[in-house]
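Below is one structure, written out as structure tokens; comments come after it.
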Amino acid sequence: ESELFTGLAEANEGGYLIADETCATSCPGLFAAGDIRQKPLRQIITAAADGANAVTSALKVI
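At position 30 of the sequence shown the residue is numbered 30 (this note's numbering), and the sequence of numbers has no breaks.
Given below as structure tokens:
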């Protein structure tokens, strides 16, 4: 449900949030992981890796 984040973070034309390699979005403190994130491969293993990466990055912020 990427509509929840409309206007909060930059998204592509498909509605996927644009995030860097740390899963950080253009909204400070908002991280995107899994199928909500713009990426070339959509598999459960990449979603799980995104989640681990996003949590690690978020912990550095708080």
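Ideal Cβ placement from N, Cα and C applies to all residues, glycine included.
Three-state secondary structure assigned by DSSP to residue i
i   : result
A24 : strand
L59 : helix
L4  : helix
A11 : strand
Given residue i as reference, the closest of the options once Cα atoms are compared
i   : options             : result
K39 : T6, G7, A11 and L59 : A11
Y16 : C27, S57 and E3     : E3
Buried or exposed (CB count within 10 angstroms, at least 16 for buried), residue i
i   : result
R37 : buried
Beta-carbon spacing of residue i, residue j below 8 Å
i   : j   : result
A54 : S26 : no
F31 : A48 : no
D50 : R42 : no
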